[in-house]
Amino acid sequence: MSTIPGLIVCLQSGFYTVQTELGLLECHLRGRLKKAPRSGDLAALGDRVEVELSGPGRGMIAAVMERTRALSRLAPTPKGMYHQIIIANPDQAVFIFACARPAPHAGMLDRFLVISEKQGIPPLIVANKIDLVGEETARLLFGRYSRLEYPVVYTSARSGQGVEQLRQQLLGKISVFAGPSGAGKSTLLNRLLPNLDLAAREVSQATSKGVHTTVRREMYPLAGGGYVADTPGLKALALWDIEAEELDGYFPEMRPLVASCQFNDCSHVHEPGCAVLAAVADGRIHPERYESYLRMRFGEQE
Ligand code: GDP
Ligand code: ZN
990 MSTIPGLIVC LQSGFYTVQT ELGLLECHLR GRLKKAPRSG DLAALGDRVE VELSGPGRGM
1050 IAAVMERTRA LSRLAPTPKG MYHQIIIANP DQAVFIFACA RPAPHAGMLD RFLVISEKQG
1110 IPPLIVANKI DLVGEETARL LFGRYSRLEY PVVYTSARSG QGVEQLRQQL LGKISVFAGP
1170 SGAGKSTLLN RLLPNLDLAA REVSQATSKG VHTTVRREMY PLAGGGYVAD TPGLKALALW
1230 DIEAEELDGY FPEMRPLVAS CQFNDCSHVH EPGCAVLAAV ADGRIHPERY ESYLRMRFGE
1290 QE
């Protein structure tokens, strides 16, 4: 039987909405897939699939293509932890922080950046609410990330400033948004996706009762191409699969230095001849970035 290629753009309770050249198809997963990813959910938001038509507007997912990358987490279930794919094949992870109200939480952003390095997903930082502090102050707050060559976009979801520039960075890509609550994520999404009433959707989800209701996961098409997905929650982005010894490799400013440390198992805390400590001492490594490293390696995660 012939199949057509598609992209999973929504899933809920075992049903998948697949975007194809024939439009949106409501699909379920065939019991035995021809191809399936090696780990994690069989089919996830963002997966590229092959669909067999089974009726008008309906189909059966016959194969799931291999993922280039995935944003994933360990999710607790009654049967134990399992490897949940938040989104397959994202082109970038967009981390939204406010310049003020709430003040940017550098430790949280650093943790997100480590996760994106670990999972191989290019990050894009959004510094929102620039109307509250002015662009100059905003650039002081986020400049350390530009110096690490992480892209930063400055926006005001309120005034609209920078939103067009952000849209350009999203065009043609699959982006996943994350950020602390209050940073302005919903306001920005509503500006980027004007046909979408996110608030209304959240209400309708909240009123669907029952503890076993599975959450609807969706990515939204951008006018002009590309998709935007939201993360189900901040806890989704934990440092669950990062070994202490590999952490320095996910800090681009430390990565080139570690080979110069005197000990090859250097933890960069107290060892003599540590190239990282030398770089902290002479200002090549930002003190708060170094603090984030220490917290992630030795301390609590929040
Ligand atoms: P979320 O929790 O990240 O989804 O944040 P919201 O989009 O709900 O925004 C939180 C609050 O910040 C709301 O009162 C918004 O009106 C406000 N807000 C969002 N973006 C901006 C901005 O660019 N400037 C200012 N001044 N306020 C903003
Ligand atoms: Zn060292």
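Residue numbering for the sequence shown follows the numbering used here, starting at 990 and increasing by one per position.
Don't be surprised by glycine CBs; every beta carbon is placed ideally from N, CA and C.
If you're wondering where the values come from, they're calculated on a predicted model, not measured in any experiment.
Asked, Found
"May I have all residues whose beta carbon comes closer than 6 angstroms to any heavy atom of the ligand GDP, sorted in chain order?", "Asn1117, Lys1118, Asp1120, Leu1121, Ser1145, Ala1146, Arg1147, Gly1168, Ser1170, Gly1171, Ala1172, Gly1173, Lys1174, Ser1175, Thr1176"
"Tell whether a beta-carbon distance below 9 angstroms holds between Gly1044 and Gly995.", "no"
"Return yes when at least one heavy atom of the ligand ZN lies under 8 angstroms from the C-beta of Ala1033, else no.", "no"
"Which residues mark the beginning and the end of the beta strand (DSSP E) in which Ala1052 is found?", "1047-1053"
"Verify whether the separation of the beta carbon atoms of Ile1085 and Gly1173 is less than 9 angstroms.", "yes"
"Taking only three categories from DSSP, how would you classify Tyr1134?", "helix"
"Between Leu1137 and Glu1277, how many whole angstroms is the CB-CB distance? I'm expecting something under 8 angstroms.", "Wrong, their Cβ atoms sit about 12 angstroms apart, outside the cutoff."
"For Gln1008, which residues in the same chain have their Cβ closer than 7 angstroms to its Cβ, ignoring the five residues on either side in sequence?", "Gly995, Leu996, Val998"
"What three-state label does DSSP hand Ser1175 in the structure shown?", "helix"
"Would Tyr1071 be called buried (16 or more neighbouring beta carbons within 10 Å of its own) or exposed?", "exposed"
"When the distance is taken between beta carbons, is Leu1014 closer than 9 angstroms to Thr1303?", "Only positions 990 to 1291 of the chain appear in the structure, and residue 1303 is not among them; the question remains open."
"For Lys1118 and Arg1090, I'd like the C-alpha separation in whole angstroms.", "8 angstroms"
"In angstroms with no decimal places, state the Cα-to-Cα distance between Tyr1216 and Ala1051.", "23 angstroms"
"Does chain D have any CB closer than 9 angstroms to the CB of Ala1212?", "The chain inventory of the structure shown lacks chain D, comprising one protein chain alone."
"Let me check one thing: in DSSP terms, what residues is Ala1146 bridge-paired to?", "Note: Ala1146 sits in no beta bridge, so no partner."
"DSSP three-state call for Glu1304: helix, strand or coil?", "Residue 1304 cannot be examined here, being either before or after the span of the chain that is shown, 990 to 1291."
"Answer yes or no: do Val1247 and Leu1283 have a C-beta to C-beta separation smaller than 9 angstroms?", "no"
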